[in-house]
Structures are given as structure tokens and as C-alpha cells.
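Peer 1: One structure follows; several queries about it will come next.
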Amino acid sequence: MTTPDNAADTPAETAPAATAVAAQDWDTASADPQYRAAVVDLLGALAYGELAAFERLAEDAKLAPTLLDKAELAKMASAEFHHFEQLRDRLAAIGAEPTDAMQPFVAALDGFHRQTAPSDWLEGLVKAYVGDSIASDFYREVAARLDTDSRSLVLAVLDDTGHASFAIEKVRAAIDADPRVGGRLALWARRLMGEALSQSQRVVADRDALSTMLVGGVADGFDLAEVGRMFSRITEAHTKRMAALGLAA
């Protein structure tokens, strides 16, 4: 998944401190069945997200203007599939059927991708950078509430595949060549922001264990006020990414 690639891309407001569960390993924390269900949901959502990212990057490679660009996207797609494999294997290792864990998130994620299908190469780059980064910010926030084993895995699969710097370079070059491109891409990025946040909220609302983790009751999670601050941090990070692309938020 695409994640912030420099300090300027991280939210200015400090993320909340880790919770008590964050000091436990999986064997200890998973004794709580509701916590275990929340982690299975989280890993399932991430796994399908990585699989969808692999498919999307492979499709985007068809729009690439040069062979070098195609090769770069193919390499990124391969990295996303490796992340999927890590999550799939972890789900199996903790006794969850990977397909069953992913299935509840297929409709929401597929719907998001249908509603935000890029019309050209540049829109695809912006979607990967902006859309994936919003999702990564959300998962990083949740990771602070996870046990040590789950947190390490989640943070590892959120590592930047190289798409951030690649997208910034290509989009900035396109805007320099034709400043009118900037207005179109800025509107596109704002649409992506709204759709990505709505999709994240729908995913959580539809899964009781995940929503309980976020609003309290599992892993000494967020309270409702903290949920609001979380989305404020995500929005702030989005604004900084837009600036990195040379676009107005």
C-alpha cells in the first residue's frame, strides 16, 4: 500500500499513545474473543485491499505511456501481492480461513474502485497515491491499538512500495508541462478523499468487532472524541500530500 514517504506527509498532530493491549503479544491478547474477531476483520480487510491494489496496479500499467513506467508499476504490483501473501499466511496461522476473512470487505472495496475508476494514467497515479495513503493512515491509527505481533505485521504491509515518490514525480512533471492538468487532478483528488473516508467508515460500521475496537471496549480503544481526532489527522495528512503533488486541497 502507498504510505507517506517523508516527514512532510505525516500528520502534524501526534497520534494517540499505544494502549495496554499494545504491550501484549498475540497469544495473550487473543484470549479475548472479541479482540481476536477484530484482528481477523482487520487482517481480512487489509488482505483484500492488497489483493485489489495488485489488480489495480496491473491494470494501470496498461495506461503507462512508456515501457519504463510499465515496468515500475509491475514491480509495485508484485510488492502488493507479496503483502497480500503475508496477510493471507498470518490469517491461516491464527486459525482463520483467509477467504472467509476477506469476503465481508469485497463489496465495499470493489464498490469504491468502481466509483473511482481513473480515466487516464495521471488519475490512476493520483488515486494510488491519495486513495491508498488515506487507507494506510487509517490502518496505522488502528495499529497503535494492536498487540505487538499484529502491529508489526500491519506496519510491515503498509510499507511504501515506491508509488509515492513515483506519483509525485510524474504528476508534478505533467503539471509543469500543462498547468491546466492541475485543476482537473485537484478535483479528482478531492473526490477520492470523500469516497475513501466514506468507504473506511462503512467498513467499520458494518463490522461490530472493528467498530467496538475504535469506540472503546476492546483494546482500550478510541473513544468517540478520539475517532473525530483520528479523521482530522487523516484529513491533515491528505492536505500535505496534495501539496507534495503540487495540487490544491
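In terms of my numbering, the sequence shown opens at residue 1064 and continues consecutively.
Ideal placement from N, C-alpha and C gives every residue a C-beta, glycine not left out.
Inspect the beta-carbon positions of L1308 and V1189 and report whether they are closer than 8 Å.
Peer 2: What you label residue 1308 is simply residue 245 of the sequence shown in a count that begins at 1. What you label residue 1189 is simply residue 126 of the sequence shown in a count that begins at 1. Taking 8 Å as the Cβ cut-off, L1308 and V1189 qualify as a contacting pair.
Peer 1: Considering P1096, what are the terminal residues of the alpha helix (DSSP H) in which it resides?
Peer 2: As a position in the sequence shown, residue 1096 is number 33, starting the count at 1. Looking at the DSSP string, the run of the alpha helix (DSSP H) that includes P1096 is P1096 to D1123.
Peer 1: Measure the beta-carbon distance from L1136 to L1120 and round it to whole angstroms, keeping in mind my assumption that it falls under 8 Å.
Peer 2: Counted from its first residue, the sequence shown places residue 1136 at position 73. Counted from its first residue, the sequence shown places residue 1120 at position 57. Contact flag correct, Cβ pair sits at about 5 Å.
Peer 1: Please state the DSSP three-state secondary structure of P1242.
Peer 2: Position 179 of the sequence shown holds residue 1242. Looking at P1242 - three-state DSSP - the assignment turns out to be coil, as it is neither helix nor strand.
Peer 1: Are V1220 and Q1149 close, meaning C-beta to C-beta below 8 Å?
Peer 2: Counting from one through the sequence shown, the residue named residue 1220 turns up at place 157. Counting from one through the sequence shown, the residue named residue 1149 turns up at place 86. Yes, they are a contact pair.
Peer 1: Might you give, ordered along the chain, the residues of its own chain that have their beta carbon closer than 8 Å to the beta carbon of I1297, omitting 5 neighbours on each side?
Peer 2: As a first step, residue 1297 is located in the sequence shown; it is residue number 234 there, counting from the start. Excluding sequence neighbours, I1297 sits near P1074, I1197, D1200, F1201, E1204 and L1260.
Peer 1: Counting C-beta neighbours from all protein chains within 10 Å, is the total for L1315 16 or more, i.e. buried, or is it exposed?
Peer 2: Residue numbering for the chain in the displayed model covers 1064 to 1312; residue 1315 lies beyond these limits and cannot be assessed.
Peer 1: Would you call the stretch 1206–1220 in contact with the stretch 1168–1186, where contact means no fewer than 3 C-beta pairs closer than 8 Å?
Peer 2: Inter-segment contact for the stretch 1206–1220 and the stretch 1168–1186 is absent: fewer than three beta-carbon pairs are separated by less than 8 Å.
Peer 1: By alpha-carbon positions, which one of S1228, A1159, A1115 and G1158 ends up nearest to H1176?
Peer 2: Taking the first residue of the sequence shown as 1, we reach residue 1176 at position 113. Closest by alpha carbon: A1115.
Peer 1: Compare the Cα-Cα distances from I1231 to each of R1247, S1263, Y1192 and L1216 and report the closest residue.
Peer 2: For the purposes of this step, residue 1231 is taken as the residue at position 168 of the sequence shown. Closest by alpha carbon: Y1192.
Peer 1: If distances are taken between C-alpha atoms only, which option among R1208, E1122 and D1090 comes closest to I1157?
Peer 2: Sequence index remark: in the sequence shown, residue 1157 carries index 94 (1-based). For I1157, the nearest C-alpha among the options comes from D1090.
Peer 1: Does DSSP put P1079 in a helix, a strand or coil?
Peer 2: Locating residue 1079 in the sequence shown gives position 16, where the first residue counts as 1. For P1079, the pLDDT reaches just 49, beneath the cut-off of 50, and the residue's location in the model is therefore unreliable, although a value from the coordinates is still provided. The answer is coil: DSSP assigns P1079 none of H, G, I, E or B.
Peer 1: Could you work out which residue in R1265, H1226 and L1154 is closest to A1124 when comparing CA atoms only?
Peer 2: Position 61 of the sequence shown holds residue 1124. Of R1265, H1226 and L1154, the residue nearest in Cα terms is H1226.
Peer 1: With a cut-off of 8 Å, do at least 3 Cβ pairs link the stretch 1088–1106 to the stretch 1235–1253?
Peer 2: no
Peer 1: Using a threshold of 7 Å, is the CB atom of L1218 nearer than that to any non-hydrogen atom of the ligand FMN?
Peer 2: With respect to small molecules bound, the structure shown includes none, and the ligand FMN cannot be examined in it.
Peer 1: Taking 8 Å as the cut-off, decide whether the C-beta atoms of L1106 and L1154 are in contact.
Peer 2: By 1-based counting over the sequence shown, the position of residue 1106 is 43. By 1-based counting over the sequence shown, the position of residue 1154 is 91. The answer is yes: Cβ separation under 8 Å.
Peer 1: Is R1322 helix, strand or coil when you go by DSSP?
Peer 2: What the structure shows of the chain is the stretch from 1064 to 1312, and residue 1322 is not part of that stretch, so it cannot be assessed.
Peer 1: May I have the straight-line CA-CA distance separating S1295 from H1301, to the nearest angstrom?
Peer 2: Numbered from its first residue, the sequence shown carries residue 1295 at position 232. Numbered from its first residue, the sequence shown carries residue 1301 at position 238. Near 10 Å, if we compare the C-alpha coordinates of H1301 and S1295.
Peer 1: Would you decide whether T1224 is buried or exposed? Buried here means 16 or more other CB atoms lie within 10 Å of its CB.
Peer 2: Within the sequence shown, numbered from 1, the residue matching residue 1224 stands at position 161. By the 10 Å Cβ count, T1224 comes out buried.
Peer 1: With a threshold of 6 Å on Cβ separation, who are the neighbours of V1244 within its own chain once the five nearest residues in sequence on each side are excluded?
Peer 2: Position 181 of the sequence shown holds residue 1244. Excluding residues within five positions, the ones whose Cβ falls inside 6 Å are A1237 and I1238.
Peer 1: Hey, out of Q1097, V1103, H1146 and D1269, whose CA is closest to E1118's CA?
Peer 2: As a position in the sequence shown, residue 1118 is number 55, starting the count at 1. Comparing Cα positions, the closest option is H1146.
Peer 1: Find the nearest neighbour of G1174 within the set P1161, R1151, S1263 and R1304, judged by alpha-carbon distance.
Peer 2: As a working mapping, residue 1174 is identified with position 111 in the sequence shown. Cα-wise, what sits closest to G1174 is S1263.
Peer 1: Can you name, in chain order, every residue of its own chain whose Cβ lies under 6 Å from the Cβ of A1100, other than the five neighbours on each side?
Peer 2: As a position in the sequence shown, residue 1100 is number 37, starting the count at 1. Hits under 6 Å: A1272.
Peer 1: Along the alpha helix (DSSP H) that carries A1156, what are the first and last residues, could you check?
Peer 2: Translated into the one-based positions of the sequence shown, residue 1156 becomes position 93. That run of the alpha helix (DSSP H) goes L1130 to A1156.
Peer 1: Run the CB neighbour count on E1160, radius 10 Å, all protein chains shown included, and call it buried at 16 or more, exposed below.
Peer 2: For the purposes of this step, residue 1160 is taken as the residue at position 97 of the sequence shown. Answer is exposed; the Cβ neighbour count stays below 16.
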